[in-house]
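Numbering (full-length UniProt numbering), first residue to last: 1 to 1094.
Following this line, the structure appears as structure tokens:
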């Protein structure tokens, strides 16, 4: 063979003198039969003689052995430089006119070298030979590259064609001239590429098919075969395996997968109707439980899916009854593995959307299992910057939704410190951002699952130098992604499936006219300092009621249920004189509850001290002074009452503790102008500027705050009518007898005027009673309309909405009027005279009240319920009262203490024995006084909530201020104000870390976790039963006897439970030519099967 190659070199054209190898130095002879052109090419002397070696063989150019000689050159053992030189001469000779047989032989050789070359050189020579022949001999090339030749090339071996054969076909298509032969080849290829992908070629061959079709779209299967081709491409991607190890092999594998998925995207753009069937095929591949796991290369398909299809696809998939839990678990687990695919885009969005879809239909068992199985793998991907973003998104969602138990978070605890160290060492923008988000996530989980200091200490040490989010940010994150906060597709038809409120707050179930209890408990719960104090309580059998309150608060804080039942606490705190099942006074219940908690803690502390003394061998020491109870610390204040006898001027003083102040309504404007102004610092209302004078209204009688509370609130009728008169502008010590007589006359005249007014009011009331009965139905309709408008306004007010107090309407009162009236001096005369001990008789006296110590939480009760002796009925004062956000309460000595409004309990109705209670509240946590210019900046504490039994919604202070103007029977009754820190000497400084929720003891945490798991199981079971019920409903069109309303509702129910995905132009027989793989069932079924479904 080398001899043939060397002899062949003499017949190649020589452009410059070159030495002749020793083996070629033989006597030349003239070869007969050579054409003049060949002789001219092979004559080195230029005299027309064709020189050849001594070998007697004829000239290869003449006898058509050029292909054999070229093949011998390529396969010889000569150096590559020699081979390249010889090949270059052959290619130059091939550019000249050649006989048909010679050209065909060269093309056949080129195809063999290109497809079957052992290394790069023969493959390159074959490619060059095909290029030269195709360009300079197009007719012969068209004859050679026929449909039969292409078919033989693709089916030359066993199994699917290789990548080189497909590349050879692609090269041939580039050189093939247009004509009938080309049309025949393209028609053949449209069938062959479909057969090729059905035979599951490897990544290289499949990528070559993608390149072929991307370069020559005429080869794409048409008609119904195109959809089948797309689906088979998806299955081919599922079979991909990286053939080589190392970085270069991985990069090549990624490029091949990207090329195949890019072809799918190109086909989807041309035919959008093929997207959904391909998605169904994709789910069939990843949900198959009887085959080996598919390749992660399927993740490359996700980046080309339109995001606008995501909601519909997830909704259909999560509500499909034909998809078993095992299939869904397998599919979502494999999708989570796609996080490691480095070139994926939007993978995290699809994973999170599917997880949300499963949560919406209450398939919590799948979510729990997949979270525990995959969360560590997802966390490990944070090490790799190329997949860090997607992995972090999925990790955050998985952790923030797994709130019923600490198990998922605790799986990551050993891995967090090394991960933090690696990210710090990386020192990149991506690593820094990941560190910040990871630290925020850890703080959220520690906040959610406290009580494991030994486990959390290494983690907190690792992130100690990173930013610490505030409590509001933590609660926001925990509230937005919990499984129980996901929207359910069936919630609109089945209220029991309603998710947890978007506010993150939990409601209380009404057990039968127990709204007065629910509103009080929510107000106490929103008093953050008191809540923390209760939750920090250690297990103590001496305080059973406080322990039950602790459990109730813990469930309100950490439960996944949208509402919980306060039955256990209500039975323990039941007021003895209350009748079960009837409406009661919430203020009376609050007073009783605080007294019970106070006395229980005092008794428990005293018992513990006695037990310690009895067990101590040392002689008993003097008992220490009792420490204040939790109720005293939070709600306890002190009030000083001074009474001065106007005869002997003796002053008696008494200091009392209080937990609430009962504020009576001031008298009419005429009487109010004649009252003595307060000698103390007046209450300041920063929310209402320049309060207008109060309106004319019925005024309940008033003595001391305690007695008046009893008469006006509980309904106990006083023995006599107690009148109150105001002092004149002069002090009592300088009054003359004439002035006293004058004042007595004025009092009598005032009494007569009051009686006349009361008679007129009684007549008017009798006339109005009939009118009210007639207008009752009309008012009820109007109230419903206004309530609907109010709910829309409340829903539209998002977090952080805050406005200043609305100005008081003309003729309305404000809280400052009631506070000033409570603190103003009064005269005790006539039947209300004071018994003076020095005088040993009843004497006229002056009574003054002042606050010596303000409580941390100031509770104000507006005495709206009074007992009318004329009608012998309890009545409600419906006057609107303007409520300030900031109230400056006057204290003794001219001091003042600022209080921020944090809760308002509203009574709806006209009687304390009927109606309804609900509560507006915001976090009653300590916050510093606002700085200048900070009034316009919204703060987290400005977010108001409306607690109405089980319903909890966002609200605003504007709704609190305007509730009575919209609903005349809805009036503020009990107000909670929180002492603003920094202004009182005993106020403790607040810090961001000091606002964290306290750690619960182990038994309580376990009880909450078990209840959360139980709730998830209940929801899942209920969702399945509802879905089974809906799927059994008759078809709307088959119910001939059903009404139109019934048929429409049935159709709506089925649409909500199993909505169909429909795309314009989608063929209904997309799967008629294929069957699912063994062991796999199609998630939505085939279209022919779906034709029977609505």
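Think of the CB as a built atom: it goes at the ideal place given N, C-alpha and C, for glycine as much as any other residue.
(request) Enumerate, from N- to C-terminal direction, the unbroken alpha helix (DSSP H) stretches of 4 or more residues contained entirely within the region 225-301. (result) 247-270, 275-286
(message) Can you find the residues in the same chain that come closer than 6 Å, C-beta to C-beta, to residue 555, ignoring five residues on each side of it along the sequence?
(response) Reading the chain shown from its first residue, position 555 is the one you call residue 555. Taken in chain order, the residues that qualify are 564.
(message) What residue range does the alpha helix (DSSP H) around residue 574 cover?
(response) On the chain shown, position 574 is the one that residue 574 refers to. Run containing residue 574: none; DSSP gives neither H nor E here.
(request) Return the CA-CA distance between residue 107 and residue 82, expressed in angstroms with no decimal places. (result) Translated into the one-based positions of the chain shown, residue 107 becomes position 107. Translated into the one-based positions of the chain shown, residue 82 becomes position 82. Roughly 23 Å separates the two Cα atoms.
(request) Measure the C-alpha to C-alpha separation of residue 598 and residue 634 and round it to an integer number of angstroms. (result) Residue numbering aside, residue 598 sits at position 598 when the chain shown is read from its first letter. Residue numbering aside, residue 634 sits at position 634 when the chain shown is read from its first letter. In a straight line, the C-alpha of residue 598 is about 11 Å away from that of residue 634.
(message) Taking 7 Å as the cut-off, is the C-beta of residue 165 nearer than that to any heavy atom in the ligand COA?
(response) The ligand COA is absent from the structure shown, which contains no ligands of any kind.
(request) Give the single residue among 176, 319, 510, 500 whose Cα lies nearest to the Cα of residue 917. (result) Translated into the one-based positions of the chain shown, residue 917 becomes position 917. Of the listed residues, the one whose Cα sits closest to residue 917 is 510.
(request) For the region 358-371 and the region 445-452, state whether three or more C-beta atom pairs, one from each stretch, are separated by less than 8 Å. (result) no
(request) Would you identify the three-state DSSP class for residue 114, choosing helix, strand or coil? (result) Your numbering for residue 114 matches position 114 in the chain shown. Of the three classes helix, strand and coil, the one that applies to residue 114 here is helix, per DSSP.
(message) Suppose you measure from the CA of residue 213 to the CA of residue 86; what does that come to, to the nearest Å?
(response) For this step, residue 213 is matched to residue 213 along the chain shown. For this step, residue 86 is matched to residue 86 along the chain shown. Distance between the alpha carbons of residue 213 and residue 86: 36 Å.
(request) With DSSP as the reference, label residue 1001 as helix, strand or coil. (result) Locating residue 1001 in the chain shown gives position 1001, where the first residue counts as 1. Three-state result, residue 1001: coil.
(request) With distances taken Cα to Cα, identify the nearest neighbour of residue 643 among 654, 357, 117. (result) Taking the chain shown and counting its residues from 1, the one referred to as residue 643 is at position 643. Checked all of 654, 357, 117; the closest Cα to residue 643 is 654.
(message) DSSP three-state label for residue 714, please.
(response) Locating residue 714 in the chain shown gives position 714, where the first residue counts as 1. In this prediction, residue 714 scores a pLDDT of 34, lower than 50, which makes its location untrustworthy; no coordinate-derived value is stated.
(request) Report yes if the C-beta distance between residue 1101 and residue 949 is below 8 Å; otherwise report no. (result) Nothing about residue 1101 can be read from this structure; the chain reaches only from 1 to 1094.
(request) Rank 574, 143, 401 by C-alpha distance to the C-alpha of residue 375 and give the top, closest one. (result) Locating residue 375 in the chain shown gives position 375, counting from the first residue. Among 574, 143, 401, the Cα nearest to that of residue 375 is on 401.
(request) With a threshold of 16 other CB atoms inside 10 Å of the CB of residue 870, please say whether the residue is buried or exposed. (result) In the chain shown, counting from the first residue as 1, residue 870 sits at position 870. Exposed.
(request) Could you name the residues of the same chain whose beta carbon sits closer than 6 Å to that of residue 652, not counting the 5 residues immediately before and after it, in chain order? (result) Position 652 of the chain shown, counted from the first residue, corresponds to residue 652. Excluding positions up to five away in sequence, the list reads 643.
(message) Helix, strand or coil for residue 1068? Go by DSSP, reduced to three states.
(response) Taking the first residue of the chain shown as 1, we reach residue 1068 at position 1068. Its pLDDT being 32, under 50, residue 1068 is placed unreliably in this model, and the value from its coordinates should be taken loosely. Coil, per DSSP.
(request) Using the Cα positions of residue 998 and residue 576, report the straight-line distance between them to the nearest angstrom. (result) By one-based count along the chain shown, residue 998 stands at place 998. By one-based count along the chain shown, residue 576 stands at place 576. Each residue's alpha carbon lies about 33 Å from the other.
(request) Please state whether DSSP places residue 865 in a helix, a strand or coil. (result) Reading the chain shown from its first residue, position 865 is the one you call residue 865. In the structure shown, residue 865 sits in a strand (DSSP, three-state: E or B).
(request) State the start and end residues of the unbroken alpha helix (DSSP H) segment that holds residue 641. (result) Position 641 of the chain shown, counted from the first residue, corresponds to residue 641. Unbroken run through residue 641 is the beta strand (DSSP E), 637-645; no alpha helix (DSSP H).
(message) Cutting at 8 Å between CB atoms, please list the residues of its own chain near residue 1015, excluding the five before and the five after it.
(response) Counting from one through the chain shown, the residue named residue 1015 turns up at place 1015. So the list reads 404, 484, 559, 560, 561, once near-sequence residues are dropped.
(request) Check whether the region 230-250 touches the region 174-189, counting contact only when three or more Cβ pairs, one atom from each stretch, lie closer than 8 Å. (result) no
(request) Can you give me the start and stop residues for the beta strand (DSSP E) that residue 876 sits inside? (result) The residue labelled residue 876 in the question sits at position 876 within the chain shown. Residues 873-876.
(message) So, with DSSP's three-state summary, where would you put residue 99?
(response) Counted from its first residue, the chain shown places residue 99 at position 99. Coil at residue 99, not helix or strand.
(request) Please classify residue 890: does DSSP put it in a helix, a strand, or coil? (result) As a working note, residue 890 is residue 890 in the chain shown. Strand at residue 890.
(request) Note down the Cα distance separating residue 1096 from residue 900, rounded to an integer number of angstroms. (result) Outside the displayed range of the chain (1 to 1094) lies residue 1096, so it cannot be described from this structure.
(request) Using the Cα positions of residue 839 and residue 908, report the straight-line distance between them to the nearest angstrom. (result) The sequence position of residue 839 within the chain shown is 839, counting from 1. The sequence position of residue 908 within the chain shown is 908, counting from 1. Near 49 Å, if we compare the C-alpha coordinates of residue 908 and residue 839.
(request) Only counting runs of 4 or more residues, tell me where the alpha helix (DSSP H) segments fall wholly within the region 131-211, in order along the chain. (result) 138-144, 147-154, 163-175, 180-198
(request) Find out if the Cβ-Cβ distance for the pair residue 860, residue 663 is shorter than 8 Å. (result) The sequence position of residue 860 within the chain shown is 860, counting from 1. The sequence position of residue 663 within the chain shown is 663, counting from 1. It is a contact, given that the beta carbons lie within the stated cut-off.
(request) Check each candidate in 378, 910, 68, 256 and name the one with the smallest Cα separation from residue 878. (result) Mapped onto the chain shown, residue 878 falls at position 878. Among 378, 910, 68, 256, the Cα nearest to that of residue 878 is on 910.
(request) Alpha carbon to alpha carbon, how far is residue 476 from residue 1008? Give it in angstroms, no decimals. (result) On the chain shown, residue 1008 is found 1008 positions in, with the first residue counted as 1. On the chain shown, residue 476 is found 476 positions in, with the first residue counted as 1. Rounded to the nearest angstrom, the two C-alpha atoms are 20 Å apart.
(message) What residue range does the alpha helix (DSSP H) around residue 425 cover?
(response) One-based indexing of the chain shown puts residue 425 at position 425. Segment 416-426, the alpha helix (DSSP H) holding residue 425.
(request) Work out the CA separation of residue 876 and residue 697 for me, nearest whole Å. (result) On the chain shown, position 697 is the one that residue 697 refers to. On the chain shown, position 876 is the one that residue 876 refers to. Residue placement at residue 697 is flagged as unreliable, the pLDDT there being 36, under the threshold of 50; the coordinate-derived value follows with that caveat. Approximately 11 Å between the Cα atoms of the pair.
(message) I'd like the list of long-range same chain contacts for residue 310, defined as Cβ closer than 6 Å, with 5 residues on each side in sequence excluded.
(response) Position 310 of the chain shown, counted from the first residue, corresponds to residue 310. For residue 310, where only same-chain residues beyond five positions count, the Cβ hits under 6 Å are 353.
(request) State the start and end residues of the unbroken alpha helix (DSSP H) segment that holds residue 475. (result) Counting from 1 along the chain shown, the entry for residue 475 is found at position 475. Element bounds for residue 475: 471-480.
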